[in-house]
Amino acid sequence: MKIIILDDSITIRMILESFLEDFDVKDDEIFSFENGHEVIKFIKENGADIIFSDINMPKMDGYEFAKLTFEIMPSLKNSFFCISSDESTEMFTKMKEIGVHRFLKKPINELHFRHFILPEIIKRRK
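Counting with our numbering, you get residues 517 to 642 for the letters of the sequence shown.
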């Protein structure tokens, strides 16, 4: 399994990694990035199973990243989680228009995370 975390905040990346490790996800299954360009290259070379992406990032925002990701692997629409503290209707609408329908609000609540993510991990482990 390949789980990608894309966020320009190292704190958010560490929190998500910790939550995932609580679900018995191994370190070598978690790939953390702060730059969307690096993730696009990684996906082209290695694929991915689950993606967590911030919306507001320098260099490439979450919208642009999601569009490029879905061009490479359309199947990721079902396992793409958008993370944001910004509840801007415009950005959420744009994300939904391209196929993103799963959102996690910062700060990320561990119980909320467990509710949405654990079933995805179990499904992919089968």
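Ideal Cβ placement from N, Cα and C applies to all residues, glycine included.
Just so you know, these numbers come straight off a predicted model, no measurement behind them.
Item: C-beta atoms of Phe547 and Ile526 nearer than 8 Å; Value: no
Item: The stretch 592-602 / the stretch 550-557 touching (three or more Cβ pairs under 8 Å); Value: no
Item: Cα-Cα separation, Asp577 to Ile571; Value: 6 Å
Item: Backbone CA spacing between Glu537 and Ile566 [nearest angstrom]; Value: 14 Å
Item: C-alpha distance - Arg630 paired with Phe535, whole-angstrom precision; Value: 8 Å
Item: Where Lys642 falls: helix, strand or coil (DSSP); Value: coil
Item: Length at least 4, wholly inside the stretch 536-594: the alpha helix (DSSP H) runs in chain order; Value: 552-562 and 578-588
Item: Within 8 Å, strictly: CB atoms of Ala582 and Met611; Value: yes
Item: Cβ distance (whole Å) where Asp524 is taken to contact Pro574 below 8 Å; Value: 6 Å
Item: CB of Leu522 within 8 Å of CB of Ser569, strictly; Value: yes
Item: Alpha helix (DSSP H) segment containing Lys612, residue limits; Value: Thr605 to Glu613
Item: Sequence-distant residues of its chain with Cβ nearer than 8 Å to Leu634 (five each side left out); Value: Phe539
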